[in-house]
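Visitor: Dropping the structure in here first, questions after.
Protein chains in written order, with the working numbering: chain A, 95 to 380; chain B, 987 to 1300; chain C, 204 to 743.
What follows is the structure in structure tokens.
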């Protein structure tokens, strides 16, 4: 009656947990997303190898079509488009990959803080509400009104915009997980409040955040683009995907090739992040 | 219902108050003195000091804030520094057009998201669901200002069906006004509609997996009725929350869209205010938007409670 | 199969169902005559619920009828297209599901849901006529003030009332066959009794044939004239209920019957251990209220309780009686609002709580949700060791291996996640965790109610052995009186936040003093209570 042994399971626990993300990523959707982001990122990183042109050097040929010297043509100031797009990718990725973790970390810290006390929770929630009350472009306008246009305002806007998104997500995850019986069991077993929160509740509440990160990266690319479009972004002549796009928009009717490359790069990047987020989401839900 | 409102109102007011202080504060703490800017590069220190006194900039910050808040509450937004004229008049000029645009976009968001969301969740044939999914993904993957320009190219330049930009009063020429309104409204609505459609699809799919749908199936309710009358009402409350957040994005997006379509709303005023550091204008607009946001959130909470009886009675 | 074939309203022949290639139901067959009652009994994974869903051709995604037929009055439902099935479901064959919480639509009024069921088959085009019929139906299933409650939402009804509404929905279109899948599993015993009586009354008054699916032989014994015993998707035995229960033929049926705790069986606790005389844990006038002062909910209303070393005190009561609140107060996750708890003579708050924090441990009801899915069994068991004892990793690993062995699990399975274990094995992990800090008191909060009867018997054996070996005192909280009598020295009955009766286990069951205890006892479905069973036999 006593020695009932479990049939040997195939995998140890940790691998299995990690495998859920992997299983999500290793689908057609996930692989496409990875390939898109990977290709674009690699192209950006290898920019110095792929082109000799200075992205900011103006030439005599304005708005030229593709040629041997300029594989993607030139912009309205005669600058090489390939070089500008490649360097623009690097700037965009550096901004979003740098800013999103900052915002995520801030949001998550606030969410953890809110789990400590009822008053802290109320305060943190008002902070999230406050940030959300400045949606997207309005936040960008408020920040640039103070700091003026530039690289750091873009960074700050992307980071701040992500704070309530990550924070609320984690807070609600913690609230749900904290009521689960295993958390109660940990308390009965004598674990401290901090240990219950960090060792038991948190690892079970982070799943949605991984999906959120992929979404956040694509939002970051959008924010950069929109700020450039309004002249609030990274200062010219430094190229970003958004600034090249907003320049090209004026020539869409006459020189559609101008917009093609930056648009393709932006879309591929955002699409890639979206697909990765969806793939992860499916992997987690399974 | 009233007690529910009473519970939510204070947090909204706190956010509003915090936001007003923040809006006031950040614009005072920045490098660059508005008095110097206003006086112009050639003005002497005396002229700057005079402007400083006139604007109350030499008072301590808390009293400046209270003074400002008191004036704002009575509707006196003061003169603009750089653009010229009274801030209240400037806002009054653009507010109608922006409201018109966002309201039209909001209608479109609901009108597009509802069928798309339901279709995405229920299409038995995979190609239909895949097409809905591809559409929403594409809309979300292309930056809205590019979508706007593409719309102009297609409908105004290539097909010549609609005007590329501009505005006409709804009262004077309703048909023309609608023509002008359509493209910017669609452009503004598309991303939010895609987001909302996705949440609806997700919510309906979740609801369709619930036990009560099994119950409805077991008593013989038709599939169509199950989707629209049983599953959809359960997906609506959370969709309303998403819609509430999206209204904020519509207002923010209006800044971009107004630029593309030369729409004479508040967007250009905001842009001008920021680039020319016209603080009273920026302050007033930010405050207006935050107040609008808080009001929309309260409304969202009320609608949520109305849609979900479990909350209504608590 | 005793009924003559021409009277059969439902005839299931060689029915097989597979989920993505795995067979879940394998060649099930039975006849159901008009107005007859049939029970399907089996443990989890036996395929009984899948069979029930296959009867309405309502299998979840991935499930497919791979063979056989379900003939309803000559029409094969297994071969019918979805559109035609819709006309049959609810109209000719209807179903009642297990969980009345989730099976009613939370955002639609009860009247609206009944209206939907009534209009689904187009018989009543007039809205007012449907509303009248809805009132009639609610009346039939015993909802008081039926007309006034049409506009209420499901959450405004109690669990038992919701199940009544579910039954009203199923009856809306006068179906000939009513399939009830675990209709009372989520309900308290007294409510279960009412629902079972309702089903029996409906069968008698309206002539609706009844198929009841349950894991509980007592439920089947009370409602069904015939029964099928299922295991691994197959019918292992069938026949008249009285015959199968008194003279089971198949070894599995015998095993199942032997594992069911009988209310008539005397307590086995005295043979297991002799309680000490000095009280270990004393609770006096314990109170607990929740919520704001204006809308306070009283969960504990002056509870008095004494637990001796080596004693098992059974605590019975229905949901909402305060059992779990008491358990949580004893393990100090909730602070009581009043009264006192003493451990080894020292009051909580004056030193007693420190010793109790280590020595009073809790075993949970749900072996699925009470184990952290992100940890291995070994890590879960080691958690209390980290909190309570000094000691290095190696010492902890040794203790974990020892504990696993103690609860009958392979010490090598420490590195596996909870989901690699079966329900019973998970409960053993939960017990090992509770044993880790060497407690003197185990609070067991419904430790076996989520388990199949055969597994339940094994876990009860384990608890008895642990008490014998370690001299543990157990506060055994459960709603199943038969189980409680079997394991307890004494029984305390809890009702609305109070202990209404305490006494020796056998005395409380055989000669209850409080009317509520008597009511609880009367509600227990017994295998022997059916009048059809006339043969007297001794309980094993």
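C-beta: ideal position from N, C-alpha, C; glycine also.
Just tell me which of 1157/B, 1102/B, 1274/B and 991/B has its CA closest to the CA of residue 1181/B.
Guide: Sorting 1157/B, 1102/B, 1274/B and 991/B by C-alpha distance to the C-alpha of residue 1181/B places 1102/B at the top.
Visitor: With 8 angstroms set as the bound, which would you pick, yes or no: does the beta-carbon of residue 239/A sit closer than that to a beta-carbon of chain B?
Guide: yes
Visitor: Does DSSP put residue 694/C in a helix, a strand or coil?
Guide: It is a strand residue.
Visitor: Any C-beta of chain C sitting closer than 8 angstroms to the C-beta of residue 294/A?
Guide: yes
Visitor: Could you tell me whether the Cβ atoms of residue 684/C and residue 730/C are closer together than 8 angstroms?
Guide: no
Visitor: Kindly indicate if chain B contains any beta-carbon less than 8 angstroms away from that of residue 248/C.
Guide: With its beta carbon at least 8 angstroms from every one in chain B, residue 248/C lies outside the interface.
Visitor: Just verifying my parser: in three-state terms, what is the DSSP assignment at residue 433/C?
Guide: Three-state result, residue 433/C: strand.
Visitor: Roughly how far, in whole angstroms, is the beta-carbon of residue 717/C from the beta-carbon of residue 696/C, given that I think they are within contact range, below 8 angstroms?
Guide: 6 angstroms
Visitor: Under 7 angstroms, CB to CB, which of the residues in the region 343–374 of chain A have a partner in chain B?
Guide: When CB distances to chain B are screened at a threshold of 7 angstroms, the residues of the region 343–374 of chain A falling below it are 343, 346, 347, 357, 360, 361, 364, 365 and 368, in chain order.
Visitor: Rounded C-beta distance between residue 530/C and residue 565/C? I'm assuming under 8 angstroms.
Guide: 6 angstroms
Visitor: Which of the three DSSP states, helix, strand or coil, is assigned to residue 427/C?
Guide: coil
Visitor: Which residues, in order along the region 1122–1148 of chain B, keep a beta-carbon less than 7 angstroms from a beta-carbon of chain A?
Guide: 1123, 1126, 1127, 1128, 1129, 1131, 1132, 1135, 1139 and 1143
Visitor: Please check if any C-beta of chain B sits within less than 8 angstroms of the C-beta of residue 265/C.
Guide: No, residue 265/C lies away from the interface with chain B (no Cβ there is under 8 angstroms from its Cβ).
Visitor: What ranges does the alpha helix (DSSP H) occupy inside the region 275–343 of chain C, keeping only unbroken runs of at least 4 residues that lie completely in it?
Guide: 285–291, 313–322 and 330–343
Visitor: Along the chain, where does the alpha helix (DSSP H) containing residue 608/C start, and where does it finish?
Guide: 596–609
Visitor: Which residues, in chain order, does the region 577–594 of chain C contribute to contact with chain A at a C-beta distance below 7 angstroms?
Guide: 577, 579, 586, 587, 590 and 591
Visitor: Would the region 320–338 of chain A count as touching the region 351–365 of chain A if we require 3 or more Cβ pairs under 8 angstroms?
Guide: yes
Visitor: Helix, strand or coil: which one does DSSP assign to residue 109/A?
Guide: Legend: pLDDT at residue 109/A = 45, less than 50; position of this residue unreliable, no value from coordinates given.
Visitor: Is it buried or exposed, residue 719/C, if we count other Cβ atoms within 10 angstroms and call 16 or more buried?
Guide: Result: buried.
Visitor: So if DSSP puts residue 491/C in a beta bridge, which residue, or which two residues, is it bridged to?
Guide: For residue 491/C, which the question treats as bridged, DSSP gives the partners 503/C.
Visitor: Name the DSSP bridge partner or partners of residue 1065/B?
Guide: Beta-bridge pairing by DSSP links residue 1065/B to 1072/B.
Visitor: Measure the beta-carbon distance from residue 1240/B to residue 1088/B and round it to whole angstroms, keeping in mind my assumption that it falls under 8 angstroms.
Guide: 6 angstroms
Visitor: Measure the C-alpha to C-alpha separation of residue 377/C and residue 295/C and round it to an integer number of angstroms.
Guide: The straight-line gap from Cα to Cα measures roughly 7 angstroms.
Visitor: Touching or not, the region 1192–1211 of chain B and the region 1158–1173 of chain B, by the rule of three or more beta carbon pairs under 8 angstroms?
Guide: no
Visitor: Can you pull the chain C residues whose beta carbon is under 8 angstroms from the beta carbon of residue 1161/B, in chain order?
Guide: Residues of chain C passing the Cβ test: none, with the nearest at roughly 41 angstroms.
Visitor: Taking the alpha-carbon of residue 1064/B as reference, which of 1264/B, 1282/B, 1295/B and 1294/B has the nearest alpha-carbon?
Guide: 1264/B
Visitor: Within the same chain, show all residues whose beta-carbon is closer than 8 angstroms to that of residue 95/A, passing over the 5 residues directly before and after it, in chain order.
Guide: At residue 95/A, the pLDDT of 34 sits below 50, so the modelled position is not reliable; the number obtained from the coordinates is stated separately. Hits under 8 angstroms: none found.
Visitor: What does a CB cutoff of less than 8 angstroms around residue 310/C pick up in its chain, not counting 5 residues either side in sequence?
Guide: Hits under 8 angstroms: 356.
Visitor: Do residue 583/C and residue 632/C come within 8 angstroms of each other at the CB atom, strictly closer than that value?
Guide: yes
Visitor: Got a sec: is the Cβ-Cβ distance from residue 1296/B to anything in chain C below 8 angstroms?
Guide: yes
Visitor: Run the CB neighbour count on residue 1053/B, radius 10 Å, all protein chains shown included, and call it buried at 16 or more, exposed below.
Guide: exposed
Visitor: Within the same chain, show all residues whose beta-carbon is closer than 6 angstroms to that of residue 1179/B, passing over the 5 residues directly before and after it, in chain order.
Guide: Correct list, in chain order: 1095, 1098 and 1099.
Visitor: Classify residue 615/C as helix, strand or coil using the three-state DSSP reduction.
Guide: helix
Visitor: What span of residues does the beta strand (DSSP E) with residue 676/C cover, start to end?
Guide: Per DSSP, the continuous beta strand (DSSP E) segment holding residue 676/C begins and ends at 676–681.
Visitor: Could you compute how far the alpha carbon of residue 100/A sits from the alpha carbon of residue 254/A?
Guide: Bear in mind that the predicted position of residue 100/A carries a pLDDT of just 36, short of 50, making it unreliable; the figure below should be weighed with that in mind. If I take the Cα positions, the gap works out to 49 angstroms.
Visitor: Below 6 angstroms CB to CB, which residues in the same chain sit around residue 726/C once its five sequence neighbours on both sides are set aside?
Guide: 392, 393 and 396
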